[in-house]
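Peer 1: Per the working numbering, the very first residue in the sequence shown carries number -6; after that it's consecutive.
All C-beta atoms in this analysis are idealised placements derived from N, C-alpha and C, irrespective of residue type, glycine included.
Since we're looking at a predicted model, the values are computed, not measured.
Below is the structure I would like to discuss, written out as structure tokens.
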Amino acid sequence: MTDKTFSLTNNVTGDSVELPVHQGTMGPDVVDIGTLYRNHGVFTFDPGFVSTGSCESQITYIDGEKGVLLYRGYPIEQLAGKSNFIEVAYLLLYGELPSKTQLSDFSGSITHHTMINETPLRFFNGFHYNAHPMAMVSGVISSMSAFYHDSMKIDDPVHREIFAHRVIAKIPTVAAAAYKHSMGQPFIYPRNDLDYCSNLLNMFFSVPCEPYEINPIAAEAIDLLFILHADHEQNCSTSTVRLAGSSGANPYAAIAAGVSALWGPAHGGANEAVLKMLNEIGSVENIPKFVARAKDKNDPFRLMGFGHRVYKNFDPRATLIRDMCHKVLKGMGGAENAPLFELALALEEVALKDEYFIEKNLYPNVDFYSGIIYRALGIPVSMFTVMFAVARTVGWVAHWLEMISDPQGRIGRPRQLYTGAALRDYVPVSGRD
Ligand code: ACO
């Protein structure tokens, strides 16, 4: 709390309200409207939460004007260049970088929780082979609440920690099972001698009948994408996890809600939509036609992978992923994917010079280039959002832990501006026209 206040005046009654203002470590101050309804009988109205802070958090900071993203205070560029996904996961969950022993204990715990119970593994057989993998992942994660009763007391910090390690360890196994089911191939069990990302690649691409060699560039690319996707403060899916979890729902159900929210094309589904769009554009000559469509108010088409609710300068993650794209396509001999990458670079160049995109501050976001890397690694388009979900599980869990251990926490319950019918009397069907 600061000494600052914010005044609101009712211009009918002349009443004035002094609202307290809170100051964070960084970022804009927030006006505390918590007592507004109780004391003054009005709600605030902010569809899409454009100006609303829904909670206090110490995990991730974004400055959308300057293109800054910090995890627990550390710049994303430093973490992407010097750390790895497991260390970043520890940082997001526990708030500090781990000591050597803490890192080895954490990594060991994640490694030893990678297998999933055989019964939920059999659930995959209940899905049609062409079910969307996000449907399978959300269903199986939710059903895990029926299997791990020994760690479901959400008011017990030890149970919470076991849940956190379990779900982070098992989500790659679930994702790989969804992929294998869609391919009609046998599930591949986790290998505890491999690091997190190499194990994921092995579960995706190895088959029992021949050896599979993990390409270190592929593992490095996945590790980078996972670091960049691990958290992004109160985005749609994270807010969904918090809201679902605020009712005291079991944490697997809350994470499954996050998976469902991530699925949409305006959120995590955008990486899938970008690839579809690039394929539709087809070649550089067609770019002006598609850019014109994106600008046309009467055409619902948007440039997928462009624009962001928070970043109004550039998305720092997009720059890092673009660099990795170069490395993957060069290092893995992805000749067949090069034209797609060149098309994406050309589209970015055209859009960034266009008055419409400049004026509306529309820049490539994290999803603009990530799909090109995933495709070069052999991951099918329908699995892109699943890969995002694997990484974001860390952020969801960190936020769920923060929310559930907040002593002031209460159920999330927004209000509304009602514009429906006013009070009226029921008329029996015989009396209606
Ligand atoms: N192409 C063309 N025009 C766009 C685009 C785009 N990609 N994005 C925004 N605009 C325009 C809108 O038409 C609107 O124009 P108007 O002011 O004339 O009405 C203006 O820019 C503001 O757009 P909003 O949709 O109001 O912005 P909002 O903050 O609500 O949405 C969003 C952000 C959903 C990311 C939007 O930019 C979008 O749909 N982008 C494409 C989908 C995408 O890439 N999503 C991934 C986001 S990153 C993530 O979730 C991991």
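Would you call the CB atoms of residue 200 and residue 178 closer than 8 angstroms?
Peer 2: Their beta carbons are under 8 angstroms apart, which means residue 200 touches residue 178 by this criterion.
Peer 1: Taking the alpha carbon of residue 52 as the point to measure from, which residue in 60, 45, 83, 43 has its own alpha carbon closest?
Peer 2: For residue 52, the nearest C-alpha among the options comes from 83.
Peer 1: If you run the structure through DSSP and keep just helix, strand and coil, what is residue 213?
Peer 2: DSSP places residue 213 in helix when its eight states are reduced to three.
Peer 1: Measuring only from the beta carbon, is residue 127 closer than 7 angstroms to any heavy atom that is part of ligand 1?
Peer 2: Residue 127: no, Cβ never under 7 angstroms from ligand 1.
Peer 1: Please classify residue 122 as buried or exposed, where buried requires at least 16 other C-beta atoms within 10 Å of its C-beta.
Peer 2: Residue 122 should be labelled exposed.
Peer 1: So, for residue 11: in the same chain, excluding its five sequence neighbours on each side, which residues have a beta-carbon less than 8 angstroms away from its beta-carbon?
Peer 2: Excluding residues within five positions, the ones whose Cβ falls inside 8 angstroms are -2, -1, 0.
Peer 1: For residue 28, is the classification buried or exposed, using 16 other Cβ atoms within 10 angstroms of its Cβ as the cut-off for buried?
Peer 2: Exposed, because fewer than 16 other Cβ atoms sit within 10 Å of the Cβ of residue 28.
Peer 1: Would you give the residue range spanned by the beta strand (DSSP E) that residue 9 belongs to?
Peer 2: Per DSSP, residue 9 belongs to the beta strand (DSSP E) from 9 to 15.
Peer 1: Between 158, 81, 372, which has its C-alpha nearest residue 216's C-alpha?
Peer 2: Looking at the Cα atoms, 81 is the closest of the given residues.
Peer 1: Measuring CB atoms only, is the region 138 to 149 touching the region 38 to 47, in the sense that at least three cross pairs come out at less than 8 angstroms?
Peer 2: With a cut-off of 8 angstroms, the region 38 to 47 and the region 138 to 149 do not count as touching, because too few Cβ pairs lie within range.
Peer 1: Below 8 angstroms CB to CB, which residues in the same chain sit around residue 270 once its five sequence neighbours on both sides are set aside?
Peer 2: Hits under 8 angstroms: 283, 296, 297, 298.
Peer 1: Could you give the residue range of the alpha helix (DSSP H) that holds residue 345?
Peer 2: Where residue 345 is concerned, the enclosing alpha helix (DSSP H) stretches over 331 to 346.
Peer 1: Compute every distance between the C-beta of residue 260 and the non-hydrogen atoms of ligand 1, then say whether any falls below 7 angstroms.
Peer 2: Yes, the beta carbon of residue 260 sits closer than 7 angstroms to at least one heavy atom of ligand 1.
Peer 1: Any chance you could list the alpha helix (DSSP H) runs of at least 4 consecutive residues sitting entirely within the region 19 to 69, in chain order?
Peer 2: You should have 29 to 33.
Peer 1: Indicate whether residue 232 and residue 47 have their beta-carbon atoms separated by less than 8 angstroms.
Peer 2: Closer than 8 angstroms, so yes.
Peer 1: Just to confirm before moving on: does the CB-CB distance between residue 359 and residue 311 stay below 8 angstroms?
Peer 2: Yes, the pair counts as a contact, with Cβ atoms nearer than the cut-off.
Peer 1: Could you check if residue 75 is buried or exposed, using at least 16 other CB atoms within 10 Å of its CB as the buried criterion?
Peer 2: Exposed.
Peer 1: Can we say the region 369 to 379 touches the region 396 to 411, given the rule of at least three CB pairs closer than 8 angstroms?
Peer 2: Cβ pair count under 8 angstroms is below three, so no.
Peer 1: Reducing DSSP to helix, strand and coil, say where residue -2 ends up.
Peer 2: Three-state DSSP puts residue -2 in a strand.
Peer 1: Do residue 156 and ligand 1 come close, with the Cβ less than 7 angstroms from some heavy atom?
Peer 2: No; taking the cut-off as 7 angstroms, the Cβ of residue 156 has no heavy atom of ligand 1 nearer than that.
Peer 1: Applying the 10 Å Cβ sphere with the 16-neighbour rule, what's the burial state of residue 115?
Peer 2: It counts as exposed.
Peer 1: Does the Cβ-Cβ distance between residue 60 and residue 304 come in under 8 angstroms?
Peer 2: Yes, the Cβ-Cβ distance between residue 60 and residue 304 is below 8 angstroms.
Peer 1: From the DSSP output, read off the bridge partner residues of residue 244.
Peer 2: According to DSSP, which records beta bridges pairwise, residue 244 is partnered with nothing at all.
Peer 1: Would residue 431 and residue 255 be called neighbours here (beta carbons separated by less than 8 angstroms)?
Peer 2: Given a span of -6 to 426 for the chain in the structure shown, any question on residue 431 remains unanswerable.
Peer 1: Out of curiosity, what's the CA-to-CA distance linking residue 113 and residue 90?
Peer 2: Near 34 angstroms, if we compare the C-alpha coordinates of residue 90 and residue 113.
Peer 1: Is it true that the CB of residue 222 sits closer than 8 angstroms to the CB of residue 158?
Peer 2: Their beta carbons are not under 8 angstroms apart, which means residue 158 does not touch residue 222 by this criterion.
Peer 1: Indicate whether residue 277 and residue 382 have their beta-carbon atoms separated by less than 8 angstroms.
Peer 2: No.
Peer 1: Using the DSSP secondary-structure output, state which residues sit across from residue 203 in a beta bridge.
Peer 2: DSSP output for residue 203 lists 200 as bridge partner(s).
Peer 1: Pull up the distance between the alpha-carbon of residue 307 and that of residue 425, whole angstroms please.
Peer 2: C-alpha separation (whole angstroms): 57 angstroms.
Peer 1: Answer yes or no: the CB of residue 392 versus the heavy atoms of ligand 1, is any distance below 7 angstroms?
Peer 2: No, ligand 1 has no heavy atom inside 7 angstroms of this Cβ.
Peer 1: Regarding residue 353 and ligand 1, is the C-beta to nearest heavy atom distance less than 7 angstroms?
Peer 2: Indeed, a heavy atom of ligand 1 lies less than 7 angstroms from the Cβ.
Peer 1: Alpha carbon to alpha carbon, how far is residue 137 from residue 24?
Peer 2: Approximately 40 angstroms between the Cα atoms of the pair.
Peer 1: Only counting the same chain, and skipping five residues up and downstream in sequence, which positions put a Cβ closer than 6 angstroms to that of residue 155?
Peer 2: Here the set comprises 144.
Peer 1: Using alpha carbons as the reference points, say which of 244, 35, 166 lies closest to residue 410.
Peer 2: That would be 35, whose Cα lies nearest to the Cα of residue 410.
Peer 1: When the Cα atoms are used, what is the spatial distance from residue 262 to residue 124?
Peer 2: Those two C-alpha atoms are separated by around 16 angstroms.
Peer 1: Can you give me the start and stop residues for the alpha helix (DSSP H) that residue 269 sits inside?
Peer 2: Residue 269 -> alpha helix (DSSP H) spans 263 to 274.
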